[in-house]
Amino acid sequence: MDYFTKQSWKTAQQHLNTMNHQIQEYRIKKLDKFQFIIIEELENFEKDSQSLKDLEKEFVDFWEKTFQKFSAYQKSEQQRLHLLKASLDKNVFYNTDYEDTVFTSEMCSMKENMKMLQDRLLKETQEEELLNVRRGLMSLFMAHERNVHV
């Protein structure tokens, strides 16, 4: 029986060693596969990370160009508005000097014309009054002469 026990013990040990060895190989194989997947995913992650960096650079370049174009557009609009305002001020609002000169000239001319009309009206009125006074005096003298001759 001792022999049978020793043989059973050896056989059991061999089976356990074989089983242990197979389990270790299986685990190592699975760990190697896991390691391969991890390495592969890290490489993919690095590629994606580089793609994101490239995309970020493109995005920054795009916005810098867009900002430059917008700044140029804004500057152009400010110049246009400045020119339009200057033109409006020069040609519409600050034209009052010329208008004042024209207004003053016309007012002087109108005053002179009114003065001439006033003088002529006064002269005509005075001449009419003188004529009326002459007629009155003439009729008075004529009536007086008739009374004296009668």
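So in our numbering, spot 124 of the sequence shown is number 126, and the numbers just go up one at a time. Every residue, glycine too, gets a C-beta built ideally from N, C-alpha and C.
Query	Result
Alpha-carbon spacing of Q37 relative to Q24, whole angstroms	19 Å
Extent of the continuous alpha helix (DSSP H) run through M118	T98 to H151
D91: first and last residue of the uninterrupted alpha helix (DSSP H) it sits in	That residue, D91, is in no alpha helix (DSSP H); it is neither H nor E in DSSP.
Alpha helix (DSSP H) runs wholly inside the region 11-92, at least 4 long, in chain order	none
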